[in-house]
Amino acid sequence: MCWALPTVSAPVTQAPAPTALLHHGLLRQAALTPQETALISPIRELTYRQLSTAADHVARALLALGVQHGDRVAVVMEKGWQQIAAVHGILRLGAVYLPVDPVLPPQRRQLLLTVGEVRVQVTQPGLTQLEPSLPVLIIDDGMLDTPAAPLPEVAGDVTDLAYIIFTSGSTGTPKGVMIDHRAAMNTLEDINERFGLNAQDRVFGLSSLSFDLSVYDAFAPFMVGAALVLPEAGREKDPRHWQTVMAHGHVSVWNAVPALMQMLCEYHSGDRMSYPTLRLALLSGDWIPLTLPEQMRERLNETMDIISLGGATECAIWSVYYPIGEVESTWTSIPYGRGLRNQPVYVLNAQLEECPVGVEGEICIGGMGLAQGYLNDAEKTAASFVWREASGERIYRTGDRGRYFADGQVAFLGRNDTQVKVNGLPYRTGGNRALHCATSRCGAVSGGGSG
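Quick note on numbering: the sequence shown equals residues 1 to 451 in full-length UniProt numbering.
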């Protein structure tokens, strides 16, 4: 039993629940600063007015296709401004966006569309990886400058679903994680305020729309009048291309898995201060190598803030943070950290009692960031989202092992099951060990140490 020694979970900052919806930031900034830059890509730059106008066209076109409040709309696109216009347009109609990566095998795409009960597919010109039985909306340049017809007023609520992102790899059955506006906004508002995101910032959006780090990219910059900088589609893993795009866009905020940051540091081996505007790096999704923070400060920007973020798709992107200063020589891993605003993080035993300092248990997350559950899967929802009597709240059982430090922060120790993470994406290996140690870097990305 874990009651034999004192427990010391870290206090969590409490704040009022968000009242705004994810897409409200772009709407507000388009009215306040219509001519300011909202999005920068190698192909074009968009003002707030242009991006908001495109989102209006998307919403109006979906309405004409019969999409209603609460319907699910698949975003089947490569990276580009059209993705951002799509998700904002979908939400303006009160619908739910569901990312489907066009590079997925046809059977996998079909499975996600079927399980997701998708009403319409939204895509770009030239993409053919679509389901012929579903209506298609193509977003093109014609939506940028001509004002759309006014939309009927949509009575949105923070408890409305905003997006569904599927987790588990190709060896597992996909689980559709249902996140509402309040859960996502709770995380985004905290991160923006905690790390001072402002109108001068430029956020580099590397993550796939199917990976929930992209939720921050697609919405958080517009909440404060900042701009989103996107790489060219198909070059999301090309550090030479990143260098060009980051320099042109004056990128100040990096948000991606540690493996991509490692690639950038390796590309700049021997360089010093390559990115003078880069002030903040948000690293999550995988273990952070102990040598990486020093490399980042030596090669990219010596004054940058480096933040380890952790959590689960089921808890609206991130729930835990740890500012990385000097890495201690005695550390075996970067500490997991403490809970974000309105997101208590616990280490519990099998009876859901808190474990004492140093005693291993399961990391569980409570508070405002929890998903509504898994789409059409009451059994898995009931197993993962449980009521904890001691704290009087619903919690998510992450399946991660951890223990408390003396100051209440949490150390991550690995998974309870056979799941591994590859570049931030979870895979269940089961009896299939082909994934395990398929490359020499397996040990650096298995588990989920920082997200």
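Note that CB positions come from ideal geometry on N, CA and C, so glycine has one too.
From a predicted model like this one, the values you see are computed outputs, not experimental measurements.
> By DSSP, does V410 sit in helix, in strand, or in coil?
Replying inline: Walking along the sequence shown from the start, residue 410 turns up at place 410. Three-state result, V410: strand.
> In terms of alpha-carbon separation, which member of I324, V177 and S207 lies closest to E314?
Replying inline: As a working mapping, residue 314 is identified with position 314 in the sequence shown. Distances from the alpha-carbon of E314 to those of I324, V177 and S207 put V177 closest.
>> Cutting at 6 angstroms between CB atoms, please list the residues of its own chain near M143, excluding the five before and the five after it.
In response: The residue you call residue 143 lines up with position 143 of the sequence shown. Counting only residues of its own chain and dropping the five nearest sequence neighbours on each side, M143 has a CB closer than 6 angstroms to the CB of A54 and H57.
> Could you check where the alpha helix (DSSP H) with G89 kicks off and where it finishes?
Replying inline: Taking the first residue of the sequence shown as position 1, residue 89 is located at position 89. G89 -> alpha helix (DSSP H) spans W81 to R92.
>> Do E298 and R338 count as a contact pair if the criterion is CB distance below 8 angstroms?
In response: Against the sequence shown, residue 338 aligns to sequence position 338. Against the sequence shown, residue 298 aligns to sequence position 298. A distance of 8 angstroms or more separates the beta carbons of R338 and E298.
>> Assuming the contact rule is C-beta atoms closer than 8 angstroms, L26 and L46 should be a hit. Round their C-beta distance to whole Å, please.
In response: The residue labelled residue 26 in the question sits at position 26 within the sequence shown. The residue labelled residue 46 in the question sits at position 46 within the sequence shown. Contact between L26 and L46 fails: their C-beta atoms lie close to 11 angstroms from each other, not under 8 angstroms.
>> Check whether the segment 347-362 and the segment 310-328 are in contact - that is, three or more C-beta pairs closer than 8 angstroms.
In response: Contact between the segment 347-362 and the segment 310-328 is absent, because fewer than three Cβ pairs lie under 8 angstroms.
> Taking C-beta to C-beta, are V224 and N192 nearer than 8 angstroms?
Replying inline: Here the question's residue 224 lines up with position 224 in the sequence shown. Here the question's residue 192 lines up with position 192 in the sequence shown. Yes, Cβ-Cβ distance for V224 and N192 is below 8 angstroms.
> Going by other Cβ atoms of all chains shown within 10 Å of its Cβ, with 16 needed for buried, is S284 buried or exposed?
Replying inline: Indexing the sequence shown from 1 puts residue 284 at position 284. Buried is the call here.
>> By alpha-carbon positions, which one of A281, T277, S252 and T244 ends up nearest to Q262?
In response: On the sequence shown, position 262 is the one that residue 262 refers to. The candidate whose alpha carbon is nearest that of Q262 is A281.
> Applying the criterion that 16 or more other CB atoms from any shown protein chain within 10 Å of the CB defines a buried residue, is W331 buried or exposed?
Replying inline: Indexing the sequence shown from 1 puts residue 331 at position 331. Exposed: under 16 other Cβ atoms inside 10 Å.
> Is H69 buried or exposed, if buried means 16 or more other CB atoms sit within 10 Å of its CB?
Replying inline: Reading the sequence shown from its first residue, position 69 is the one you call residue 69. Under this definition H69 is an exposed residue.
> Whose C-beta lies closer than 6 angstroms to the C-beta of Y322 among residues of the same chain, with five residues either side of it excluded?
Replying inline: For the purposes of this step, residue 322 is taken as residue 322 along the sequence shown, with counting starting at 1. Only S308, P335 and G337 meet the Cβ criterion.
> What's the C-alpha gap between V422 and A259?
Replying inline: Within the sequence shown, residue 422 is the residue found at index 422, counting from 1. Within the sequence shown, residue 259 is the residue found at index 259, counting from 1. Below a pLDDT of 50, predicted positions are generally treated as unreliable, and V422, at 47, falls in that range; the measurement from the model is reported next regardless. Approximately 9 angstroms between the Cα atoms of the pair.
>> Suppose you measure from the CA of P356 to the CA of R401; what does that come to, to the nearest Å?
In response: Position 356 of the sequence shown, counted from the start, is the residue given in the question as residue 356. Position 401 of the sequence shown, counted from the start, is the residue given in the question as residue 401. Take the alpha-carbon of P356 and the one of R401: they are about 14 angstroms apart.
> Secondary structure at C315, three-state DSSP: helix, strand or coil?
Replying inline: Counting from one through the sequence shown, the residue named residue 315 turns up at place 315. Correct three-state label for C315: helix.
>> For L111, list the residues DSSP reports as bridge partners.
In response: Walking along the sequence shown from the start, residue 111 turns up at place 111. Bridge partners of L111: none, in fact.
> Whose C-alpha, out of Q200, G311 and S41, is nearest the C-alpha of R235?
Replying inline: For the purposes of this step, residue 235 is identified with residue 235 of the sequence shown, where counting begins at 1. Checking every option, the nearest Cα to that of R235 belongs to S41.
> Around the C-beta of A227, are 16 or more other C-beta atoms found within 10 angstroms, so that it is buried, or is it exposed?
Replying inline: Looking up residue 227 in the sequence shown gives position 227. When all chains shown are included, A227 counts as buried.
> Nearest-angstrom Cα distance between A383 and G196?
Replying inline: For the purposes of this step, residue 383 is identified with residue 383 of the sequence shown, where counting begins at 1. For the purposes of this step, residue 196 is identified with residue 196 of the sequence shown, where counting begins at 1. Computed Cα separation, rounded: 37 angstroms.
> Of the choices A312, L104 and R341, whose alpha-carbon is the least far from that of E78?
Replying inline: Residue 78 sits at position 78 when you count from the first residue of the sequence shown. If you compare the alpha carbons of A312, L104 and R341 with that of E78, the shortest gap goes to L104.
> Ordered along the chain, which non-local residues of its own chain (more than five positions away) have a Cβ less than 7 angstroms from that of P125?
Replying inline: On the sequence shown, residue 125 is found 125 positions in, with the first residue counted as 1. For P125, same chain residues with a beta-carbon under 7 angstroms away, outside a window of 5 residues either side, are I138 and D140 in chain order.
> Going by C-alpha distance, which of G408, S391 and T381 is nearest T398?
Replying inline: The count along the sequence shown starts at 1 and reaches residue 398 at position 398. Distance check between T398 and each of G408, S391 and T381 places T381 closest, using alpha-carbon atoms only.
>> The alpha helix (DSSP H) that contains Q262, what's its start and end?
In response: As a position in the sequence shown, residue 262 is number 262, starting the count at 1. Start and end: P258 to Y267.
>> Beta-carbon within less than 7 angstroms of T37's beta-carbon, same chain only, minus the 5 sequence neighbours each way: which residues are those?
In response: Translated into positions along the sequence shown, residue 37 becomes position 37. E45, T47 and A227.
>> I need the boundaries of the beta strand (DSSP E) containing L46, first residue and last residue.
In response: Within the sequence shown, numbered from 1, the residue matching residue 46 stands at position 46. E45 to T47 is the extent of the beta strand (DSSP E) around L46.
> Which whole-angstrom value describes the C-beta separation of L98 and G116, a residue pair presumed to lie in contact below a C-beta threshold of 8 angstroms?
Replying inline: Here residue 98 refers to the residue found at position 98 of the sequence shown. Here residue 116 refers to the residue found at position 116 of the sequence shown. That belief holds up - the Cβ atoms of L98 and G116 are roughly 5 angstroms apart, short of 8 angstroms.
>> Using CA atoms only, rank isn't needed, just tell me which of W387, A74 and R119 is closest to R109.
In response: Mapped onto the sequence shown, residue 109 falls at position 109. The shortest C-alpha separation from R109 is found at A74.
> For I191, does the three-state DSSP call read helix, strand or coil?
Replying inline: To locate residue 191, count along the sequence shown from 1; it is residue 191. The answer is helix: DSSP assigns I191 an H, G or I state.
>> Less than 8 angstroms between the C-beta atoms of G369 and T159, yes or no?
In response: As a position in the sequence shown, residue 369 is number 369, starting the count at 1. As a position in the sequence shown, residue 159 is number 159, starting the count at 1. No; because the gap between Cβ atoms is not below 8 angstroms, this pair is not in contact.
>> For D157, count the other beta carbons within 10 Å of its own beta carbon; 16 or more makes it buried, fewer makes it exposed. Which is it?
In response: Residue mapping note: residue 157 aligns to position 157 of the sequence shown, counting from 1. It counts as exposed.
> For Q35, which option in D145, T244 and D305 has the closest C-alpha, if you only look at C-alpha atoms?
Replying inline: Taking the sequence shown and counting its residues from 1, one reaches residue 35 at position 35. For Q35, the closest alpha carbon among the candidates D145, T244 and D305 is that of D145.
> What are the complete beta strand (DSSP E) segments, minimum 3 residues, inside the segment 298-353?
Replying inline: Within the segment 298-353, the complete beta strand (DSSP E) runs of at least 3 residues are 305-310, 320-324 and 345-348.
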